[in-house]
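Undergrad:
Protein chains in written order, with this note's numbering: chain A, 14 to 156; chain B, 510 to 705.
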């Protein structure tokens with residue numbers, strides 16, 4: 014196969030979980046999810062009210078893919094984030110590099126999604142995933 | 510590109526059902542959903558138009574046992590078949606580990622089959638895939654239609670290499686599990702090689 018698999022090791026998962034749980038605290042979010050662009054859940058943190066996390070992952074990736082398509086029509090490289098506001102829930106979806114998506118789910122009554130915290134988390138996650146990608150590409154090249 | 514998660518010992522793979530509009534891609538997925546043990550499947554999501562035509566995708570997560578101590582989860586997607594949904598099709602194809610092409614056996618749909626096949630090859634190429642290398646199966650659907658093209662006629666036009674080919678009547682489930690098994694087996698074989 015020409016495109017290397019995305020291999021997540023336990024130590025990387027722990028680093029990601031640390032970033033996600035920090036974001037849960039800072040935003041007082043109910044759930045923070047890291048999803049790959051193919052619509053598969055990488056890992057999540059918080060007391061998620063969503064039982065069907067696979068559907069959340071698939072639909073979030075679909076939303077990001079459609080938004081990316083819209084950006085390209087307008088000559089933009091990407092719209093890096095999109096927010097949805099409901100009566101009870103806010104959902105904030107942010108691209109993490111070109112491989113993942115960060116989703117923050119928060120109850121409108123008790124929390125507000127802090128853009129600067131999300132941005133900081135995104136940058137750290139991008140760095141973790143960039144190193145993961147480089148390591149995987151190295152593994153693929155060796156085998 | 511499969512997602513191999515060592516933290517929870519899980520492998521996620523993506524299989525995309527491709528083909529012209531109304532060829533039976535969604536019917537394949539719905540049959541699989543209806544026939545699989547509830548413990549092995551997630552929720553079926555369909556993003557449809559008001560006329561029940563696929564607007565963006567159908568999505569079905571499916572657990573297919575273990576490989577080397579890893580739980581394997583297959584994510585089945587369909588693409589919208591209508592020509593004007595080109596952009597959506599391309600987005601959904603991204604990251605596919607395997608592809609099923611669902612062809613319509615009706616003689617009037619041959620041009621649509623060929624156009625969709627061209628579209629599939631172009632889109633795969635753009636993502637750096639080679640249709641000759643990616644796990645792939647060809648399904649000749651609607652074999653119960655009258656009239657229908659012969660298997661030889663369809664194969665002559667649509668076969669790309671040595672891929673497994675299945676005759677199907679997706680509304681009755683005929684050929685549906687066989688097609689999925691064939692492409693899933695190829696995906697698992699690639700994974701086994703990668704995991705060694």
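Glycine included, C-beta positions come from ideal geometry on N, C-alpha and C. What you are looking at is a predicted structure, and each value in this text was computed from that prediction instead of being measured.
Can you list the alpha helix (DSSP H) stretches of 4 or more residues lying completely in the stretch 641-696 of chain B, in chain order?
TA: Correct list: 660-667.
Undergrad: So is residue 61(A) in contact with chain B if we call contact Cβ pairs under 7 Å?
TA: No, residue 61(A) does not count as interfacial toward chain B.
Undergrad: Please report how far the alpha carbon of residue 4(A) lies from the alpha carbon of residue 131(A), in whole angstroms.
TA: With chain A covering 14 to 156 only, the question about residue 4(A) has no answer from this structure.
Undergrad: Can you list, in chain order, the residues of its chain whose CB lies under 7 Å from that of residue 28(A), leaving out five sequence neighbours each side?
TA: Correct list, in chain order: 141.
Undergrad: Among residues of its own chain, excluding the 5 on either side of residue 516(B), which ones have a beta-carbon nearer than 6 Å to its beta-carbon?
TA: Excluding positions up to five away in sequence, the list is empty.
Undergrad: Would you grab the beta carbon distance between residue 586(B) and residue 568(B) for me? Rounded to a whole angstrom, and I think it's under 8 Å.
TA: The Cβ separation is near 6 Å, so the contact holds.
Undergrad: Could you check the C-alpha separation between residue 687(B) and residue 40(A) for me, to the nearest Å?
TA: Using only the alpha carbons, I get a separation of about 48 Å.
Undergrad: With 7 Å as the C-beta to C-beta threshold (strictly closer), list the residues of the stretch 546-570 of chain B near chain A in chain order.
TA: Against chain A - using a Cβ distance shorter than 7 Å - the residues of the stretch 546-570 of chain B are 551, 552, 554, 565, 566, 568 and 570.
Undergrad: Could you name the residues of the same chain whose beta carbon sits closer than 7 Å to that of residue 669(B), not counting the 5 residues immediately before and after it, in chain order?
TA: Result list for residue 669(B): 640 and 641, in chain order.
Undergrad: Could you tell me which chain B residues have their CB closer than 9 Å to the CB of residue 84(A), listed as they occur along the chain?
TA: Chain B residues near residue 84(A): none, gap ~12 Å exceeds 9 Å.
Undergrad: State the Cα-Cα distance for the pair residue 53(A) and residue 564(B), rounded to the nearest angstrom.
TA: One C-alpha to the other measures close to 21 Å.
Undergrad: Is there a Cβ of chain A sitting closer than 7 Å to that of residue 619(B), yes or no?
TA: No, residue 619(B) does not count as interfacial toward chain A.
Undergrad: Counting only runs of 4+ residues fully inside the stretch 32-62 of chain A, write out the alpha helix (DSSP H) ranges in chain order.
TA: Fully enclosed alpha helix (DSSP H) runs of 4 or longer: not present.
Undergrad: Kindly indicate which three-state DSSP category residue 603(B) falls into: helix, strand or coil?
TA: Looking at residue 603(B) - three-state DSSP - the assignment turns out to be coil, as it is neither helix nor strand.
Undergrad: For residue 515(B), which residues in chain A fall below 8 Å Cβ to Cβ?
TA: Neighbours of residue 515(B) on chain A, chain order: 20, 21, 22, 23 and 26.
Undergrad: Spell out the partners DSSP gives residue 570(B) in its beta bridges.
TA: Looking at the DSSP assignment, residue 570(B) forms a beta bridge with 584(B).
Undergrad: Quick check on residue 514(B): does DSSP put it in helix, strand or coil?
TA: Three-state result, residue 514(B): strand.
Undergrad: Report the CB separation of residue 689(B) from residue 576(B) in whole angstroms; it is logged as a contact under 8 Å.
TA: Not a contact, Cβ separation roughly 16 Å.
Undergrad: Are three or more beta carbon pairs between the stretch 519-528 of chain B and the stretch 605-625 of chain B nearer than 8 Å?
TA: Counting Cβ pairs under 8 Å, three or more are found: they touch.
Undergrad: Given this structure, state the Cα-to-Cα distance separating residue 65(A) from residue 638(B), to the nearest angstrom.
TA: Roughly 31 Å between the two C-alpha positions.
Undergrad: So for residue 612(B), helix, strand or coil by DSSP?
TA: Residue 612(B): strand per DSSP, three-state reduction.
Undergrad: Mind listing which residues of the stretch 649-662 of chain B have their C-beta closer than 7 Å to chain A's C-betas, in chain order?
TA: So the list is empty, because no residue satisfies the distance condition.
Undergrad: For residue 532(B), which of helix, strand or coil comes out of DSSP?
TA: Coil, per DSSP.
Undergrad: Less than 7 Å between CB atoms is the rule here; does residue 49(A) satisfy it with respect to chain B?
TA: Chain B, which has a Cβ nearer than 7 Å to the Cβ of residue 49(A), makes this yes.
Undergrad: May I ask which residues mark the beginning and end of the beta strand (DSSP E) holding residue 557(B)?
TA: Element bounds for residue 557(B): 554-557.
Undergrad: With 7 Å set as the bound, which would you pick, yes or no: does the beta-carbon of residue 71(A) sit closer than that to a beta-carbon of chain B?
TA: Yes, residue 71(A) lies at the interface with chain B (some Cβ there is under 7 Å from its Cβ).
Undergrad: Using a Cβ-Cβ distance cut-off of 7 Å, determine whether residue 16(A) contacts chain B.
TA: By this cut-off, residue 16(A) is an interface position.
Undergrad: With a threshold of 7 Å on Cβ separation, who are the neighbours of residue 603(B) within its own chain once the five nearest residues in sequence on each side are excluded?
TA: These residues qualify, in order along the chain: 636.
Undergrad: If you run the structure through DSSP and keep just helix, strand and coil, what is residue 633(B)?
TA: DSSP places residue 633(B) in helix when its eight states are reduced to three.
Undergrad: Show which residues of chain A have a CB atom less than 8 Å away from the CB atom of residue 511(B).
TA: In chain order: 18 and 19.
Undergrad: Given that a residue counts as buried once 16 or more other Cβ atoms are within 10 Å of its Cβ, and exposed if not, what is residue 593(B)?
TA: Residue 593(B) comes out exposed.
Undergrad: Taking residue 148(A) as the query, report the chain B residues whose CB atoms sit under 9 Å from its CB, ordered along the chain.
TA: What residue 148(A) touches in chain B: nothing, since even the nearest Cβ is about 12 Å away.
Undergrad: With H, G and I counted as helix, E and B as strand and the rest as coil, what does DSSP make of residue 700(B)?
TA: Correct three-state label for residue 700(B): helix.
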